[in-house]
Amino acid sequence: MNLKRTAMTGVALLLIAGIVLGGCGKDRDTNSAAGSSNSSASSSTTDSNLELSVAAWDIQTGFDNPNAKNDTIYNDLTAKFNVKIKPVQVTWNDWQDKAKVWAASSQLPDIFVNSLATDNPGLYTTWAKQGVIKAIPDDLSAYPNLQKIFSLPSVQPLKVNGKFYMIPRMSYDDSSDWVLDRPIRYRKDWAAQAGFTSEPESFDDFVKMTQAVMKQHPGIIGLSTNNQSYLLTLFLGSFPELTNIKTWVKENDKWIPAFASEKAYTGIEQLRSLYTDGILDKDIAIQKDADGVSKFLAGQSFAVFGLGTMTDDKLASFTKANPGVSASNAIGYMNIWPAADGKRYTFVETPYWSETYFPSSLSDEKFERALKLMDYLASEEFAGLMANGIENVDYKIDNGKSVSLLKDNESLGEKYPITKNLAFLGTWNNGFLYTGKQVVSRNSEMAALQQDQIDTYNKFKSEDTPTPIDFNVFLLSTPAKDKLGSLKISDDIVKVILEKGDPITVWKNILKGYDSKGVQDAIKEVNAEAAKQGIQ
Amino acid sequence: MQNALRYKNGKRSWGAGVRRHKYFYLMVLPMVLFYLIFAYVPMYGVVLAFKEFNYSLGILHSPWNQFQNFHEVFGSPDFKTAFNNTLLISFGRLLIEFPMPILLAILLNEMRSSGLKRIYQTVFTFPHFISWVVLSGIITSLLSDQGVLNQLLEAFGMGKNTILFNNGSFLGLLFASNIWKEAGWSAIIYLAAIAGINPELYEAASIDGANRFQQIKAITWPVLRNTAAILLILAVGGVMNGGFDQIFNLYNPAVYQRSDIIDTFVYRSAFTDATGFGFSTTVGLLKSVINFALLFGANFIVKHGLKEEGLY
C-alpha cells in the first residue's frame, strides 16, 4: 500500500514537473530551418501598423525619458513606416550574452544588435545554418542604401552558403577610414614646456619626451590607455598588423596569426620597457574601460592610447581638472613614429564591427517593414538627422556650414532621447564629421577641437599608410580558427608586461600554450582554405 | 475501526499525517514549489552535456554527440588550470576561512560587556551586506598603484605594494577579504548554538576552578562541535564553488593563472567563447558530481569517523 502511495506521489510530482516544463518551453518552428525569406520587396505596403521589438544598446533609457513623447525624429520615423517600436533593453555589458540566451529559448527580438559575424564567425555560421537568423533577400532593389552596403567588397566574406544573414553596421565607407580610432593623444603644452615641439620620430624619442615631461610634473603617469586592448596601439610603430588582434599575415608563404609572428617581439619589448621605466600606467591590469582616458582628462597622465573624439562631457571634465588651460591648445594628436620601413601606419578594421540580425521566425511582413526601416536608418538623410537634428529647427546652413540653432540649455540627446539610442541601429555614422556637414559647436573650445580632429584625420589620411590587412583571410571561418576568439591575447600581453623574466621568453611560453589551444590546427586549416579559395 | 484504517503495521498513514499537519505542509509548499521550479525542473538541461546543442532544435531535440563534450573538457588545458585552482582555493578556504567564524563566536561569547559584544557583532556582521561588486571597487581603490595604501607606504618612504598583481598575495587577499566579509555573518549560527548553553554549567565550572580556556574546551566547544560538523559537511559539499562573485570582480590578467576557477571558466566558455552550451554544461555537471560525491564522503566521515551527527 505504501509503495503504491509513494509511486502515486512520484507520478504526481513528475506530472507537475512536466506541466511546469511544458509551460516554460515555447513552440519551435522547425520548418524554418533554412531561415530564408521569400519576401518580395516590390509587394511591400505599410498599410497596417506593425510592432517591431528592437534590442539595441540602452534603448529602454531613451523610451523612459520624460521627454520621449516629444521626440519628433522618432515620431516621424514611426509614422513614416507605420511601425511601433517595442524596446528590448541590452547594455554594453550584456548585449552579446543576452542574444545567446534568447536564441536558446526562441525569444529573439524582431531586430537585434550583435557582432557575431566579426567576432564569433563560428557561431554566426552555426546560427545561419541552424535557421536561427533570417537570410537577407537576394533582391535588394527596394532598399538602395542596404544594397549599397551589401555591394561593398569588404562585406562579401560574410556570406554563408551564398547568402547574407545580417546587415553590417557601417562605421565608415572604407577600411582605411579608421585612422583616428587608435589615436595617441598627448599634452602638447607639457611637451613644449619640456622642449619637445615636434612629434617623436622613434620609440626612443617618445620615451625621452615622456620622461622629460614626467620630470617636470612629478606624480603623473607617462602613458595611460583607454583599455587593455588599446595597448596594441604601440605596435603601429613596429608591426602595425598586430594592432588589430584578428589579423593574419603571410610569412614564408604561410598564413599565420599576426600574434604568432616574430615581428611582434619589438612591440612586446617596448611595452615591457615602458612599464619598467615607470612610463606605463601601473594599474593597467586592474583598470576598467575608459579609466586611462579619465586620468588623461584629469591631468594625471601625459599621453593616452584612446580618446578619438572629444565630447562636451569630456571637455567639461578636462576644464574642471585643468582650470585656465585651453583644451584645444593643450591636447594634441600624436602621429605614430615610422616603422622599420619608414612608413607611418594607421589602424585598419573592417568598415563595420557589429551587425543587425533578424530571427528566422520573423514573419515576411514584419521582415519587409524592418528592412525598410533599416534602409532608412542607413540613408544619408537619416545620417544628417542623427548628427545634426532637424534642419531649420536645430541647425541651419550658413555659408555652406551647418550652424546650430539650439539654445544654451538644449542638446540633441535631451531633445530626441529615443533617437539618441535608436539611431545607431542603422550605422555608427563615424565618418559624418569628416564630411564637413556636421554642426559646428557653439562652444569655441569644442569647435576648435572638432576642427583639429578633422584636420588631423585629413593629414593622417593623406600622409600615413593604412595597415595592410587581407580581409579575405581575416574573415575566413574554419572550425579551429573560429575557436581562436577564446584566446585572451590582450590579457596575456598585460601578463608579459607585468612579469619579471625576459619578455620574449614569457611571450614564447604563452604562444606554446596557444598551440595546445588549437593555433597550429587553425594555421593548417586557414592555409588549406586560402589555397582552395585562391587567396594569395 | 477508524484507527485500523489510519494505522497499518503500527504506523500512521501518510495521508492522515498530511491532514493532521495540513498547515505545516501548506507553509512548506512554497519552498517545495520553489525548488521544484528553479532547481529540479531546469535539471533536464543537464542532458546538454551529452549533446551538440542546436539552437533551432532546442535542448531536448539536439542530437547526442558521443561524449564529445567530455573529450573536449578533459583535453582543455584551461579546464585543468581552473580545476586545480578551484581545489587549491576551496581547500584553502576550508583550512583558513572555515575555523574563523567559530573562533569569532567563541571570542564574542567571552566578552564581559554585553553592550560591547553587540557592537562588535554588528560591526563584524555588516560587511556581509556589501556586494562583491562594491567591495571589489573599494579593495581596488585601496590597493591599486595610486591607491590609499601605496600613498601611505610612499609617505613613510616604503616601496609600493603589488598585492593585486602577485599570484601568492592575491590568494591571501581572497582569503582575508572573504573572512572580513563573511566571518561575522557565519558566526551567527555558532552564537545561536552557544546561546543554548545553560549558564549554570559555566557557573559550576567556575566554582570547580575551571579557567576560561578550560570552560571553552569543556563546555562551549562540545556544544559547537556538532554544528561545526554539519557546516563542515556543507562546506565540503560546496568545495568546487570557489567563490565566483569575489573572484570575478577582483581578478585581473596578472593573476588569471592562479585565480581562474571552474565557475569563472564556465561563465567565459558559455558566453564569451563557445558556440554552444554543451561544453560549459559538461563542466558544470562534472563540478556538481564532484560536489555531490564530496558531500556524501564528508557526511560518511563525520558520522562514522568522528561519531558526530551527520546531515542525514
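Sequence lines, in order, name chains A and B.
Numbered according to the working numbering, the first sequence spans residues -14 to 521.
Numbered according to the working numbering, the second sequence spans residues 2 to 313.
Each residue gets a CB set at the ideal place from its N, CA and C atoms; glycine is no exception.
| Query | Result |
| --- | --- |
| Extent of the continuous beta strand (DSSP E) to which P317/A belongs | First, the residue type needs correcting, since residue 317/A is Gly and not Pro in the sequence shown. Per DSSP, G317/A belongs to the beta strand (DSSP E) from I316 to M319. |
| Cβ pair F125/B, A188/B closer than 8 Å | yes |
| L6/B classed as buried or exposed, judged by whether at least 16 other C-beta atoms fall within 10 angstroms | Its pLDDT being 48, under 50, L6/B is placed unreliably in this model, and the value from its coordinates should be taken loosely. Classification of L6/B: exposed, given that the 10 Å Cβ count is below 16. |
| Interface partners of I271/A on chain B, CB under 7 Å | T141, S145, L165 and N253 |
| Amino acids of chain A, ordered along the chain, whose beta-carbon sits closer than 8 Å to that of F80/B | The premise fails here: F80/B is roughly 11 Å from chain A at the closest Cβ pair, so nothing lies under 8 Å. |
| Contact with chain A by N55/B, beta-carbon distance below 8 Å | yes |
| Contacting residues, own chain, Cβ-Cβ under 8 Å from A324/A (five flanking each side not counted) | L221, G222, S223, F224, P225 and Y330 |
| Close beta carbons around F417/A, own chain, < 6 Å, minus the five adjacent residues each side | A368, A372 and Q423 |
| Neighbour flag for G519/A against chain B, beta carbons, 8 Å | no |
| 9 Å Cβ cut-off: residues of chain B touching K502/A | S77, P78 and D79 |
| Alpha-carbon spacing of G18/B relative to G244/B, whole angstroms | 41 Å |
| Closest by C-alpha distance to N253/B, when choosing among G503/A, K480/A and N78/A | K480/A |
| Residue-level contact to chain B via CB, A288/A, 8 Å cutoff | no |
| Segment contact flag, the region 135 to 150 of chain B with the region 220 to 237 of chain B, C-beta cutoff 8 Å, min 3 pairs | no |
| Beta-carbon proximity list for K11/A, same chain, < 6 Å, skipping 5 on both sides | Legend: pLDDT at K11/A = 45, less than 50; position of this residue unreliable, value from coordinates given subsequently. So the qualifying residues of the chain are S91. |
| Proximal residues to S161/A (C-beta, below 7 Å), its chain only, five neighbours per side dropped | V333 and P451 |
| Beta-carbon gap between P344/A and I118/A smaller than 8 Å | yes |
| Exposed unless 16 or more other CB atoms sit within 10 angstroms - verdict on L227/A | buried |
| Neighbour-count burial assignment, W175/A, 16 or more Cβ in a 10 Å radius | buried |
| Nearest residue (CA-CA) to I375/A, options L143/A, E514/A, K273/A and Y401/A | Y401/A |
| Contiguous alpha helix (DSSP H) assignments of at least 4 residues, all confined to the region 5 to 51 of chain B | 15 to 21 and 23 to 36 |
| Cross-strand partners of Q522/A (DSSP beta bridge) | This structure cannot settle anything about residue 522/A, because the visible part of chain A is limited to -14 through 521. |
| Close-in-space but distant-in-sequence residues of the same chain around L286/B (CB under 7 Å, 5 per side omitted) | V47 and A50 |
| Euclidean distance between Cα positions of S28/A and T412/A | Confidence at S28/A is low in this model, with a pLDDT of 44, below 50, so the placement of that residue should be treated as unreliable; the coordinate-derived value is given next. Between S28/A and T412/A, the C-alpha separation is close to 26 Å. |
| Cβ-based contacts, 7 Å cut-off: residues of the region 231 to 257 of chain B near chain A | N253, P254, A255 and Y257 |
| Close Cβ partners of S187/A (< 7 Å) along its chain, the five nearest in sequence each way excluded | W322 |
| Rounded C-alpha distance that separates A230/B from K118/B | 26 Å |
| For S132/B and D79/B, the rounded distance between their alpha carbons | 28 Å |
| Cα-Cα separation between N307/A and K81/B, rounded to whole angstroms | 50 Å |
| Whole-angstrom C-beta distance between V303/B and F171/B, which should lie under 8 Å | Going by Cβ atoms, the distance from F171/B to V303/B rounds to 32 Å, so no, they are not a contact pair. |
| DSSP state of A251/A mapped onto helix, strand, coil | Rather than Ala, the amino acid found at residue 251/A in this sequence is Thr. Three-state result, T251/A: helix. |
| Beta-carbon gap between M319/A and A283/A smaller than 8 Å | no |
| Reference A177/B, options Y121/B, G59/B and L251/B, closest by Cα | L251/B |
| Closer than 8 Å to chain B by CB, A102/A | no |
| Below-8 Å beta-carbon distance, F130/B vs any chain A residue | no |
| Contact list for the region 434 to 454 of chain A against chain B, Cβ threshold 7 Å | none |
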